[in-house]
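Just so you know, we're using the numbering used here here: the sequence shown kicks off at 2 and counts up by one.
Only one structure is covered here, and it is reproduced in the block below.
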Amino acid sequence: MLNCVVPYELSQLFFPHLNSAQGSIVNISTRGALSPKCGNNIDYTISKYAMIKLTEQLAIKFSPNVRVNAVCPGLMETQRLQEINENSYNDLCASYKLNSLTKNNVPLDDVISMVQELLSNSSMTGSAIPVCAGADIV
Numbered sequence: 002m003l004n005c006v007v008p009y010e011l012s013q014l015f016f017p018h019l020n021s022a023q024g025s026i027v028n029i030s031t032r033g034a035l036s037p038k039c040g041n042n043i044d045y046t047i048s049k050y051a052m053i054k055l056t057e058q059l060a061i062k063f064s065p066n067v068r069v070n071a072v073c074p075g076l077m078e079t080q081r082l083q084e085i086n087e088n089s090y091n092d093l094c095a096s097y098k099l100n101s102l103t104k105n106n107v108p109l110d111d112v113i114s115m116v117q118e119l120l121s122n123s124s125m126t127g128s129a130i131p132v133c134a135g136a137d138i139v
């Protein structure tokens, strides 16, 4: 549950500064937390679902001066992912591509762009935004 406890503790610690600066928090969850049919690691998936609920609760608690949102990325081809067994990595990437609407994995730059948007968009708070090539609805 560190995926939920640590963001909670950090948000409490930084709230006074964020409140005076009218700042923003963007949590990183996962698209697996949005769909019961994905995610083989139940502990991880549940902790990331809890993060979405934490995001919603903090948005209420910290309003009106601090906005809180979450990004829920799909499979990103990162170095960490590539460090797993080569065959598993290739199978995982191929499977994700088959099960996404765009038939692609998620570029890291797309996730970064969404985080930047949530940091700058003064109208968004309490939202969990999927960035997963449509895999959350397939």
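Just so you know, even glycine gets a beta-carbon here, dropped at the ideal spot from N, CA and C.
Closer than 6 angstroms by C-beta to Gly75: which residues in its own chain qualify, once you throw out the five before and the five after it? Chain order, please. If you number the sequence shown from 1, residue 75 lands on position 74. Here the set comprises Arg32, Val107, Cys133, Ala134, Ala136.
Start and end of the beta strand (DSSP E) containing Cys5? Within the sequence shown, residue 5 is the residue found at index 4, counting from 1. Boundaries for Cys5: no beta strand (DSSP E) harbours it, while the alpha helix (DSSP H) harbouring it runs 3-22, taken from the DSSP string.
Report yes or no: do the region 57-72 and the region 98-106 share at least 3 C-beta pairs separated by less than 8 angstroms? With the cut-off at 8 angstroms, the region 57-72 and the region 98-106 do not touch.
For Lys130 and Leu119, which I take to be in contact (beta-carbon distance under 8 angstroms), what is that distance rounded to the nearest angstrom? Within the sequence shown, the letter at position 129 stands for residue 130. Within the sequence shown, the letter at position 118 stands for residue 119. The identity of residue 130 in the sequence shown is Ile, whereas the question assumes Lys. Correct: roughly 7 angstroms between the Cβ atoms.
As assigned by DSSP and simplified to three states, the class of Asn91: For the purposes of this step, residue 91 is taken as the residue at position 90 of the sequence shown. DSSP places Asn91 in the helix class (H, G or I) of the three-state scheme.
So, do the region 87-101 and the region 57-66 have three or more beta carbon pairs nearer to each other than 8 angstroms? Result no; under three Cβ-Cβ pairs closer than 8 angstroms.
Ser128 versus Val112: straight-line alpha-carbon distance, rounded: Residue mapping note: residue 128 aligns to position 127 of the sequence shown, counting from 1. Residue mapping note: residue 112 aligns to position 111 of the sequence shown, counting from 1. Distance between the alpha carbons of Ser128 and Val112 is about 15 angstroms.
With DSSP as the reference, label Ala134 as helix, strand or coil. Within the sequence shown, numbered from 1, the residue matching residue 134 stands at position 133. Correct three-state label for Ala134: coil.
Contact set for Ser48: own chain, Cβ-Cβ below 7 angstroms, skip 5 residues either direction: Locating residue 48 in the sequence shown gives position 47, where the first residue counts as 1. Answer for Ser48: Met2, Asn4, Cys5, listed in chain order.
So is Ile26 buried or exposed if we call it buried at 16+ other beta carbons inside 10 Å? Working through the sequence shown from its first residue, we reach residue 26 at position 25. Ile26 should be labelled buried.
Those runs of the beta strand (DSSP E) which lie wholly inside the region 65-121 and span at least 3 residues: Those beta strand (DSSP E) runs which fall completely within the region 65-121 and span 3+ residues are 68-74.
Contacting residues, own chain, Cβ-Cβ under 6 angstroms from Leu109 (five flanking each side not counted): Working through the sequence shown from its first residue, we reach residue 109 at position 108. Excluding residues within five positions, the ones whose Cβ falls inside 6 angstroms are Met77.
Between which two residues does the alpha helix (DSSP H) carrying Ser48 extend? In the sequence shown, the residue the question calls residue 48 occupies position 47. For Ser48, the enclosing alpha helix (DSSP H) has its first and last residue at 43-63.
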